[in-house]
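Just so we're aligned, residue 9 is where the sequence shown starts under this note's numbering, counting upward by one.
Heads up, the beta-carbon is just placed ideally off N, CA and C, and yes, glycines get one too.
Note that the coordinates shown come from a computational prediction; the quantities given were computed from them, not determined experimentally.
Contents: one structure, followed by commentary.
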Amino acid sequence: MALTAVAVETFDADSPWDLHESVSVRPERFGALLYDFRTRRLTFVKDPVLQKVIDALSTSSSAREALALVKVPQEDHERYLSALARLAETSMLTPRSQGEIT
Numbered sequence: 009m010a011l012t013a014v015a016v017e018t019f020d021a022d023s024p025w026d027l028h029e030s031v032s033v034r035p036e037r038f039g040a041l042l043y044d045f046r047t048r049r050l051t052f053v054k055d056p057v058l059q060k061v062i063d064a065l066s067t068s069s070s071a072r073e074a075l076a077l078v079k080v081p082q083e084d085h086e087r088y089l090s091a092l093a094r095l096a097e098t099s100m101l102t103p104r105s106q107g108e109i110t
């Protein structure tokens, strides 16, 4: 799926993000399956590093910090931020208030 310019512009990589409470994650060899019980949307995460970034979101103060925790090389940041923006666009990810780290 193509990422729209709107999604990239509205995704704030310097803000905290988390999986929506209705999204379940099932780890797989290739990465993971994300299933949203509200929309019945199934999303394949075919990159194990992206899965680690998604996992790191809940303990990070921003998406950029999650990339750093997983040690994603700087030259790959835009690619991973675009993937996170797409997940936010489909409501798999949701903004988290600054003081709320699980």
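Check	Outcome
Per-residue burial, Gln82 [other beta carbons within 10 Å of its own, 16 or more giving buried]	exposed
Sequence ranges, alpha helix (DSSP H) only - wholly within the segment 10-86, length at least 4	13-18, 56-65, 71-78
Arg94 - DSSP class collapsed to helix/strand/coil	helix
Own chain residues within Cβ distance below 6 Å of Leu95, not counting five before or after	Leu101
Whole-number beta carbon distance between Ser68 and Pro24, since they are thought to touch under 8 Å	7 Å
Same chain, Cβ closer than 7 Å to Ala64, five either side skipped, listed in chain order	Ala74, Leu77, Val78
Spatial distance of Asp20 from Ile62 (CA atoms)	15 Å
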